[in-house]
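If you use this note's numbering, the sequence shown corresponds to residues 77 to 152, in order. Don't be surprised by glycine CBs; every beta carbon is placed ideally from N, CA and C. Report on one structure; see the data block that follows.
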Amino acid sequence: MATYAMTIDERSAQGKALLTYLGTLDIKLQPLTSRVAPCQFSKDEMRTILAESTAEACKGLGTSHEDFKREMASWL
77 MATYAMTIDE
87 RSAQGKALLT
97 YLGTLDIKLQ
107 PLTSRVAPCQ
117 FSKDEMRTIL
127 AESTAEACKG
137 LGTSHEDFKR
147 EMASWL
């Protein structure tokens with residue numbers, strides 16, 4: 077399975093026709109609503125967050141596995 081990104085002008089006749097055709101092929105289409113990069117943190121900020129998370133986990137603090145899975149699912 078592969079994931080592709082493309083820009084389709086859904087207002088044009090060709091765009092409408094293409095979306096209709098792709099729909100008949102059972103291709104999963106997911107509109108992208110934002111062109112913002114998925115991560116807005118620098119590498120240093122991510123390292124700091126990871127270090128803080130590790131310290132919390134060592135203290136027994138944090139999120140349950142089930143809560144974490146639900147949170148991750150909400151990102152997709």
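- Can you name, in chain order, every residue of its own chain whose Cβ lies under 8 Å from the Cβ of Ser117, other than the five neighbours on each side? A small correction: the amino acid at residue 117 is Phe; Ser does not occupy that position in the sequence shown. Excluding residues within five positions, the ones whose Cβ falls inside 8 Å are Ile125.
- Task: Taking only the alpha-carbon atoms, compute the straight-line gap between Glu121 and Ser129 and give it to the nearest angstrom.
- Result: 12 Å
- On the premise that Ile103 lies in contact with Leu94, defined as a C-beta separation below 8 Å, what is that separation, rounded to the nearest angstrom? About 11 Å separates the two Cβ atoms, so there is no contact after all.
- Task: Rank Gly138, Ala81, Arg146 by C-alpha distance to the C-alpha of Thr109 and give the top, closest one.
- Result: Ala81
- Message: Let me check understanding here. Comparing Cα to Cα, which of Ala89, Leu105, Thr139, Lys145 lies closest to Ala78?
- Response: Leu105
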